[in-house]
Amino acid sequence: MELVLIFISAALVNNFVLSRSLGICPFIGVSKRLDTSLGMGLAVAFVMVLASAITHTVYNLILTPLSLGYLYIIVFVLITACLVQVVEMYLKKNSPALYKALGIFLPLITTNCAVLGVLLLNIELFAGSLLSAVVHAVGAAAGFTLAMVLFSGIRDRLAYSPVPKIFDGIPIAMIVASLMSVAFLGFAGMINL
0 MELVLIFISA ALVNNFVLSR SLGICPFIGV SKRLDTSLGM GLAVAFVMVL ASAITHTVYN
60 LILTPLSLGY LYIIVFVLIT ACLVQVVEMY LKKNSPALYK ALGIFLPLIT TNCAVLGVLL
120 LNIELFAGSL LSAVVHAVGA AAGFTLAMVL FSGIRDRLAY SPVPKIFDGI PIAMIVASLM
180 SVAFLGFAGM INL
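Shown next, in the form of structure tokens:
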């Protein structure tokens, strides 16, 4: 039951994009089309979940016993960068269209603050439990992907709506993102971790 609460908390209550305002760059930049939003969400999910498992293990089994805990941010970014390279090579070979559509945002997963935020929160909240850390990462990845897909659906509908010229483009996207954030605040207080 605790793992279900961790998942729901990360996906809805403390959504990294809409509640914590992390990972906004790909949220705004890649969300114009549903396929690129889903592709970015899945790429971030893959990196987030694997990086959580690896960094949690490295932190608890290598850095902490050797009193090198102060190096954790550098190690976390290096691990994330390696995983992003794996994703980039896979997409370049198996899905060139998605690779091209994601463009510069794909390598930027390395510095995506949502990914680093999950890794840092896992160390703080779930220092002793690898399973809890991974479930938290899966929930955060699901929440990130959900936010991306919902936002791309709304932006797609806005393309065919009569939006005043002054709000066309990024201004209406920011208004919609803020309204989505307010909607997700309805989950606040549901679960406290």
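Going by numbering that gives the first Met the number 0, the residue at position 141 of the sequence shown is 140; the numbering climbs one at a time, nothing skipped.
Cβ coordinates follow ideal geometry from the N, Cα and C atoms, glycine included.
| residue 157: first and last residue of the uninterrupted alpha helix (DSSP H) it sits in | That run of the alpha helix (DSSP H) goes 129 to 157.
Ordered list of alpha helix (DSSP H) runs contained in the stretch 81 to 109, each at least 4 residues
Listed in chain order, they are 95 to 101.
> Sorted by chain position, which residues of the same chain lie with C-beta nearer than 6 angstroms to residue 162's C-beta, five sequence neighbours on each side aside?
Replying inline: The beta carbon of residue 162 is closer than 6 angstroms to those of 171 in its chain, skipping five residues each way along the sequence.
Query raised in the report: In the structure shown, what three-state DSSP assignment does residue 160 receive?
Result: Secondary structure at residue 160: coil, using DSSP grouped into helix, strand and coil.
Counting Cβ pairs, one atom from each stretch, are 3 or more of them under 8 angstroms apart for the stretch 101 to 108 and the stretch 7 to 18?
Under the 8 angstroms Cβ criterion, the stretch 101 to 108 does not count as touching the stretch 7 to 18, having fewer than three qualifying pairs.
**Same chain, Cβ closer than 8 angstroms to residue 130, five either side skipped, listed in chain order** = Once the five neighbours on either side are set aside, the close Cβ partners of residue 130 are 2.
Original post:
Are the stretch 106 to 125 and the stretch 11 to 31 touching, with three or more C-beta to C-beta distances below 8 angstroms?
Top reply: Put simply, the stretch 106 to 125 touches the stretch 11 to 31. At least three CB pairs are less than 8 angstroms apart.
**Request:** Indicate whether residue 122 and residue 46 have their beta-carbon atoms separated by less than 8 angstroms.
**Result:** Cβ atoms of residue 122 and residue 46: not closer than 8 angstroms.
- prompt: Do the CB positions of residue 54 and residue 124 come within less than 8 angstroms of each other?
  reply: Contact annotation: residue 54 and residue 124 have beta-carbon atoms that are not nearer than 8 angstroms.
Relative to the alpha-carbon of residue 85, which residue among 98, 74, 158 has its alpha-carbon at the smallest distance? Checking every option, the nearest Cα to that of residue 85 belongs to 98.
What do you reckon, are the CB atoms on residue 48 and residue 39 nearer than 8 angstroms? Contact annotation: residue 48 and residue 39 have beta-carbon atoms that are not nearer than 8 angstroms.
Taking residue 32 as the reference, give the member of 190, 169, 150, 74 with the closest Cα.
-> Of the candidates 190, 169, 150, 74, the one whose C-alpha sits nearest the C-alpha of residue 32 is 150.
| query | Can you name the start and end residues of the alpha helix (DSSP H) that residue 40 belongs to? | reply | Residue range 33 to 57 is occupied by the alpha helix (DSSP H) that includes residue 40.
Task: Where the alpha helix (DSSP H) through residue 170 begins and ends - done: Where residue 170 is concerned, the enclosing alpha helix (DSSP H) stretches over 169 to 183.
In its own chain, which residues sit with a C-beta less than 8 angstroms from the C-beta of residue 157, not counting the 5 before and 5 after it?
-> Taken in chain order, the residues that qualify are 171, 172, 175.
Distance check for residue 43 and residue 136, CA to CA, integer angstroms please.
C-alpha separation (whole angstroms): 10 angstroms.
Q) In angstroms, rounded to a whole number, what distance separates the CA positions of residue 61 and residue 155? A) For residue 61 and residue 155, the distance between alpha carbons rounds to 47 angstroms.
Could you give the DSSP three-state label for residue 187: helix, strand or coil? Judged by DSSP in its simplified three-state form, residue 187 adopts coil rather than helix or strand.
What's the gap between the Cα of residue 89 and the Cα of residue 73? One C-alpha to the other measures close to 25 angstroms.
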